[in-house]
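Enquirer: 442 is the number of the first residue of the sequence shown in this note's numbering; add one for each residue after it. All C-beta atoms, glycine included, are put in the ideal place defined by N, C-alpha and C. Computed from a predicted model, the values in this text were never measured in an experiment. Can you keep this structure in mind? I'll have questions shortly.
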Amino acid sequence: MATEKNIAPETGWRGLIQNWQSDLIASISVALVALPLCLGIAMAAGMPPTSGVLTAIIGGIVTTFYRGSHVGINGPGAGIIAVILSAFAVLDDGSGHTLNYVLAAIVVAGAIQTLLGLIKLGRFADALHSNVIRGILAAIGVIIFAKQIHIALGTQPTSNEIIQTLKEAILFIPDINPFVAIISLVGLVVLIFHGRIRVKLIALLPAPMWVLVLSIPFVYLFDFSQLHVIDFLGSGHVVGPHLLIDIPNEFLSVIAHPDFSRMGELPFWTSVLSITMIASIESLVSSKAVDRLDPYRRRTNLDKDLVGIGLSTMISGAIGGLPVTTVIVRSSVNINNHGKTKWTNFYHGIFLLMFMFFLSPVIQQVPLCALAILLVYTGFKLASPKIFKEVYNQGAEQLIFFGGTLLMTLYTNLLVGLFGGLLLVLTVQFLLARTTVMDFFGMILKPGTHLLFHKDGSYELKVKGIANFISMIRMDGLLMQIPEKSKVTIDLSETRLVDYSILEHLDEYRKSMLDKGGQVDIHGLEKHFSSSTNRLALRILPVTQQIETPRQISLREMALEHGWEFDGKEVDERRIFRSFYFFKSKLIKKVHNRIIQSGEDIHWQICDIEFQTGALIAAEEYKTTVGLMHIPGPLPRFTIEKKGFLDRYLIEHKDIDYRIYKNFSPEFSVKVEDKKTMDEFLTEPMRQLLIDSHIEHLESNGDDILIFSDNLRPALISEFARMFKFLEDMKSILRK
442 MATEKNIAPE TGWRGLIQNW QSDLIASISV ALVALPLCLG IAMAAGMPPT
492 SGVLTAIIGG IVTTFYRGSH VGINGPGAGI IAVILSAFAV LDDGSGHTLN
542 YVLAAIVVAG AIQTLLGLIK LGRFADALHS NVIRGILAAI GVIIFAKQIH
592 IALGTQPTSN EIIQTLKEAI LFIPDINPFV AIISLVGLVV LIFHGRIRVK
642 LIALLPAPMW VLVLSIPFVY LFDFSQLHVI DFLGSGHVVG PHLLIDIPNE
692 FLSVIAHPDF SRMGELPFWT SVLSITMIAS IESLVSSKAV DRLDPYRRRT
742 NLDKDLVGIG LSTMISGAIG GLPVTTVIVR SSVNINNHGK TKWTNFYHGI
792 FLLMFMFFLS PVIQQVPLCA LAILLVYTGF KLASPKIFKE VYNQGAEQLI
842 FFGGTLLMTL YTNLLVGLFG GLLLVLTVQF LLARTTVMDF FGMILKPGTH
892 LLFHKDGSYE LKVKGIANFI SMIRMDGLLM QIPEKSKVTI DLSETRLVDY
942 SILEHLDEYR KSMLDKGGQV DIHGLEKHFS SSTNRLALRI LPVTQQIETP
992 RQISLREMAL EHGWEFDGKE VDERRIFRSF YFFKSKLIKK VHNRIIQSGE
1042 DIHWQICDIE FQTGALIAAE EYKTTVGLMH IPGPLPRFTI EKKGFLDRYL
1092 IEHKDIDYRI YKNFSPEFSV KVEDKKTMDE FLTEPMRQLL IDSHIEHLES
1142 NGDDILIFSD NLRPALISEF ARMFKFLEDM KSILRK
């Protein structure tokens, strides 16, 4: 195996000195995304718009100095909109001090978060069922959508009930203000298509910033500076300054202070508990998602991170800000723009501070509907049909958990939705386990799960009873006792029920151990029934066989015709693919449909692969077909791609620390680790093969060669023959 060059950057001050340039450049993109989102989140939460930016500034400048994340970005998250709105509703006593009461609740919530981190409860999010959390996030998405769609369309809801507000969005269509709606429509088009437009000028600014920039000309076109009526199709529509963002000329005038006079009342503490729970869950879930995207596979210290965001939340609430969380969209932008250390977070806070001091007059010309459409889009992505489909594919019972939590949250509140969702999970699992109540909880609380150490240095975790979200913390505690680079066997044969959330967690553990050089084997589910064909689905009885798709049938016939192997099942080849630069910061979700030519020293395979960039609401998924060739003996490390492919998909590869190789066709961009070995590899027949081929991207990690054909899409059945020929021709050239 070739030496791995993906060495994690230094931390602390050494990391600052070594990586300041890449972090500084990444922070500009992060700040440009953060500015409109922070303004919109604060506005949607009922706070002054600038309080959102103030929160991000504190999250950047303060949190950076004490936190557990390496590349996460801190600031206000969309998840806290619903709890802050709820706090305003229950704490409004007509005194005019509601904002100050809410700030007090934020400060106390931050103190509790700090305490939770200090007593090492940072992993308590693992004890919450993953689809209950998704249900909560989806409900938050619906709440955001319902509240903001009216602002985006220029209508005024008459009800505070979420479901009724959604209905009114349809009923009030005849009352839409077209001069507001056209701005929102332009913003929505930008948000949908920005990532698909391959024009460098457009790629210069992130989509949220383009929404703001493109909205300002409409403000002047329709003259929002003065209150007046514009006729359209026989109806008059009011436009004026009330449709613009209202921020002060002096940024520091936004500072407000908490009022703790209602600490003895129940509504205050329900608000504190809601803010603590939702802000902590959003942060911990986002941190774990960021860890999966980090190309250096670093892990967040969740306890330290909870302390850091807790302290920052206390400071933020004390001067008029929102709760500080780890935010996935801005963190994804940071990773995609090659931010390497925590100092990107610090720089983005500095840039936001500069924006607010120097760009306030410009921000005052941004219409409210531009911010609203950003949040409408965010809300939709949190509760999109795609989420429902993904959950259903995990098993019908998972859709019940998800949907039940979603509905309970919408019809009651976030706390009832959270605890009601967990109770629903236990009820369904009890019915599936077909046992008594006493035995059911006995198998959860005292299952007999234990860890064994064998003489050969390996470990075995024997899981028993009911393996669900409640048993997660104990199981995690046992797994944490196992040293890195160990060989681990996880035996699930004595379980009565294994929930999706447990198998999902164990799969993440297996991937983490593989990254560290360990080995994990999970077995014992051969006699369990699966609730769906998903490999991580809930297990209680024997697994049913999966029927092959038409694509798999065609590929199997093609493989048999040539005397090759075909394997349609999903396999874990992630470790091999992650050794290539292309997949460093991407989450590989599925590798399947493999045609394998083996039995020789040089062998290859072609497979379908699904991967994801970003995470949560920033996620973008791709499906493609790739070739993978293994050659015995050392290979030069290199990347070769047609320049069009580079512009569309591989902008991130400008960060590869290889040297440019000019001794090749100008139609290709070539980077190499060592020019001499590359000269030896690129014989004249090999050069001609690459130039004449349809191949868009070729990459070597030192042991294997990764091959992309055409676009990032699954190859048509008719296109496989072309890939076969290229691989066989390359194999023949290499043999000579």
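Using a beta-carbon distance below 7 Å, is L655 in contact with chain C?
Expert: Of the protein chains in this structure there is only one, and it is not chain C.
Enquirer: Could you pull out every residue in the same chain whose Cβ sits closer than 6 Å to the Cβ of E1160, ignoring the five residues on either side in sequence?
Expert: Taking the first residue of the sequence shown as 1, we reach residue 1160 at position 719. Same-chain partners within the cutoff: there are none.
Enquirer: Is the separation between the beta-carbon of T877 and that of G551 shorter than 7 Å?
Expert: One-based indexing of the sequence shown puts residue 877 at position 436. One-based indexing of the sequence shown puts residue 551 at position 110. Contact flag unset, no.
Enquirer: How is F1105 classed by DSSP in three states: helix, strand or coil?
Expert: In the sequence shown, residue 1105 corresponds to position 664, counting from 1. Here F1105 sits in coil by DSSP.
Enquirer: Which two residues bound the contiguous beta strand (DSSP E) that contains D464?
Expert: Within the sequence shown, residue 464 is the residue found at index 23, counting from 1. Unbroken run through D464 is the alpha helix (DSSP H), G453 to A485; no beta strand (DSSP E).
Enquirer: List the endpoints of the continuous alpha helix (DSSP H) containing V680.
Expert: The count along the sequence shown starts at 1 and reaches residue 680 at position 239. Where V680 is concerned, there is no enclosing alpha helix (DSSP H), although the beta strand (DSSP E) it sits in stretches over S676 to V680.
Enquirer: Give the straight-line distance between the Cα atoms of P647 and L473, rounded to the nearest whole angstrom.
Expert: Within the sequence shown, numbered from 1, the residue matching residue 647 stands at position 206. Within the sequence shown, numbered from 1, the residue matching residue 473 stands at position 32. The alpha-carbon atoms of P647 and L473 are separated by roughly 7 Å.
Enquirer: T1124: buried (16+ other C-beta within 10 angstroms of its C-beta) or exposed?
Expert: For this step, residue 1124 is matched to residue 683 along the sequence shown. Flag for T1124 reads exposed.
Enquirer: Going by DSSP, what residue range makes up the alpha helix (DSSP H) through V1032?
Expert: Within the sequence shown, the letter at position 591 stands for residue 1032. Premise fails: V1032 lies in the beta strand (DSSP E), L1028 to Q1038, not in any alpha helix (DSSP H).
Enquirer: Taking C-alpha atoms, which residue in A475, L865, G898 and I814 lies nearest to S656?
Expert: The residue given as residue 656 occupies position 215 in the sequence shown. Measuring from the Cα of S656, the nearest candidate turns out to be I814.
Enquirer: Identify the residues that DSSP records as bridge partners of Y1063: which are they?
Expert: Within the sequence shown, numbered from 1, the residue matching residue 1063 stands at position 622. Partner(s): F1052.
Enquirer: What's the call for G858, buried or exposed, on a 16-neighbour Cβ count within 10 Å?
Expert: To locate residue 858, count along the sequence shown from 1; it is residue 417. By the 10 Å Cβ count, G858 comes out buried.
Enquirer: With a floor of 4 residues, list each alpha helix (DSSP H) that falls wholly inside the region 773-849, ordered by position along the chain.
Expert: For the region 773-849, whole alpha helix (DSSP H) runs of length 4 or above, ordered along the chain, are 784-799, 801-804, 809-823 and 826-834.
Enquirer: Excluding five sequence neighbours on each side, which residues of the same chain lie with their C-beta closer than 6 Å to the C-beta of D732?
Expert: Along the sequence shown, one-based indexing puts residue 732 at 291. Hits under 6 Å: R740 and T741.
Enquirer: Quick one: is Q960 buried, meaning 16 or more other Cβ sit within 10 Å of its Cβ, or exposed?
Expert: Position 519 of the sequence shown, counted from the first residue, corresponds to residue 960. Exposed, by the Cβ-count rule.
Enquirer: Using 8 Å for Cβ pairs, my map puts L743 next to L714. What's the rounded Cβ distance?
Expert: Position 302 of the sequence shown, counting from 1, holds the residue named residue 743. Position 273 of the sequence shown, counting from 1, holds the residue named residue 714. Not really, about 20 Å apart at Cβ, beyond 8 Å.
Enquirer: Give, in chain order, every unbroken run of the beta strand (DSSP E) that is at least 3 residues long and sits entirely within the region 854-933.
Expert: Correct list: 891-894 and 900-908.
Enquirer: Is S1173 buried or exposed, if buried means 16 or more other CB atoms sit within 10 Å of its CB?
Expert: The count along the sequence shown starts at 1 and reaches residue 1173 at position 732. Its Cβ having fewer than 16 others within 10 Å, S1173 is exposed.
Enquirer: So N515 packs on T767, CB below 8 Å; how close in whole Å?
Expert: Locating residue 515 in the sequence shown gives position 74, where the first residue counts as 1. Locating residue 767 in the sequence shown gives position 326, where the first residue counts as 1. Going by Cβ atoms, the distance from N515 to T767 rounds to 6 Å, so yes, they are a contact pair.
Enquirer: Given a threshold of 16 other Cβ atoms within 10 Å of its Cβ, counted over all protein chains shown, does R875 qualify as buried or as exposed?
Expert: Position 434 of the sequence shown, counting from 1, holds the residue named residue 875. Burial call: exposed.
Enquirer: Which stretch, first to last residue, makes up the beta strand (DSSP E) that contains T496?
Expert: In the sequence shown, residue 496 corresponds to position 55, counting from 1. T496 -> not in any beta strand (DSSP E); alpha helix (DSSP H) instead, spanning P490 to I502.
Enquirer: Given a threshold of 16 other Cβ atoms within 10 Å of its Cβ, counted over all protein chains shown, does T599 qualify as buried or as exposed?
Expert: Position 158 of the sequence shown, counted from the first residue, corresponds to residue 599. Exposed, because fewer than 16 other Cβ atoms sit within 10 Å of the Cβ of T599.
Enquirer: To the nearest angstrom, how far is the alpha carbon of E451 from that of W461?
Expert: Within the sequence shown, the letter at position 10 stands for residue 451. Within the sequence shown, the letter at position 20 stands for residue 461. Cα to Cα, E451 sits roughly 11 Å from W461.
Enquirer: Starting from the C-beta of A467, find all residues in its chain whose C-beta is less than 6 Å away, skip the five residues before and the five after it, and write them out in chain order.
Expert: Numbered from 1 along the sequence shown, position 26 holds the residue referred to as residue 467. Counting only Cβ-Cβ distances below 6 Å, and skipping sequence neighbours, we find N775, N778, H779, G780 and T785.
Enquirer: Can I623 and V817 be called in contact, C-beta distance under 7 Å?
Expert: The residue given as residue 623 occupies position 182 in the sequence shown. The residue given as residue 817 occupies position 376 in the sequence shown. No; because the gap between Cβ atoms is not below 7 Å, this pair is not in contact.
Enquirer: Here's the rule: buried if 16 or more other CB atoms are within 10 angstroms of the residue's CB, otherwise exposed. What is L1091?
Expert: As a position in the sequence shown, residue 1091 is number 650, starting the count at 1. In this predicted model, L1091 has a pLDDT of only 46, less than 50, meaning its place in the structure is not dependable; the value taken from the coordinates is given anyway. With 16 or more other Cβ atoms within 10 Å, it is buried.
Enquirer: What is the rounded straight-line gap between the Cα of K1177 and the Cα of M1171?
Expert: Along the sequence shown, read from residue 1 onward, the residue named residue 1177 stands at position 736. Along the sequence shown, read from residue 1 onward, the residue named residue 1171 stands at position 730. Each residue's alpha carbon lies about 10 Å from the other.
Enquirer: Mind checking which residues open and close the alpha helix (DSSP H) that includes N572?
Expert: Along the sequence shown, read from residue 1 onward, the residue named residue 572 stands at position 131. S571 to L594 is the extent of the alpha helix (DSSP H) around N572.
Enquirer: Please report the distance separating the alpha-carbon of V524 from that of I577.
Expert: As a working note, residue 524 is residue 83 in the sequence shown. As a working note, residue 577 is residue 136 in the sequence shown. Rounded to the nearest angstrom, the two C-alpha atoms are 11 Å apart.
Enquirer: Ordered along the chain, which non-local residues of its own chain (more than five positions away) have a Cβ less than 6 Å from that of F1021?
Expert: As a first step, residue 1021 must be located in the sequence shown, where it is residue number 580. Excluding sequence neighbours, F1021 sits near E1140, N1142 and L1147.
Enquirer: Indicate the three-state DSSP secondary structure (helix, strand or coil) for K729 in the structure shown.
Expert: Your numbering for residue 729 matches position 288 in the sequence shown. Note: K729 maps to helix in three-state DSSP.
Enquirer: Please determine, among S702, L763 and K729, the residue with the shortest C-alpha to C-alpha distance to S536.
Expert: Residue mapping note: residue 536 aligns to position 95 of the sequence shown, counting from 1. Among S702, L763 and K729, the Cα nearest to that of S536 belongs to S702.
Enquirer: Would you say T606 and A587 are within 7 Å of each other, going by their C-beta atoms?
Expert: The sequence position of residue 606 within the sequence shown is 165, counting from 1. The sequence position of residue 587 within the sequence shown is 146, counting from 1. Going by C-beta atoms, T606 is nearer than 7 Å to A587.
Enquirer: Look up M1070 in the DSSP assignment and say whether it is helix, strand or coil.
Expert: Locating residue 1070 in the sequence shown gives position 629, counting from the first residue. M1070: strand per DSSP, three-state reduction.
Enquirer: Output the distance between the C-alpha atoms of L495 and A483, rounded to the nearest integer angstrom.
Expert: For this step, residue 495 is matched to residue 54 along the sequence shown. For this step, residue 483 is matched to residue 42 along the sequence shown. The alpha-carbon atoms of L495 and A483 are separated by roughly 10 Å.
Enquirer: The alpha helix (DSSP H) spanning L532 covers which residue range?
Expert: Stepping through the sequence shown from its first residue, residue 532 is reached at position 91. Element bounds for L532: I521 to L532.
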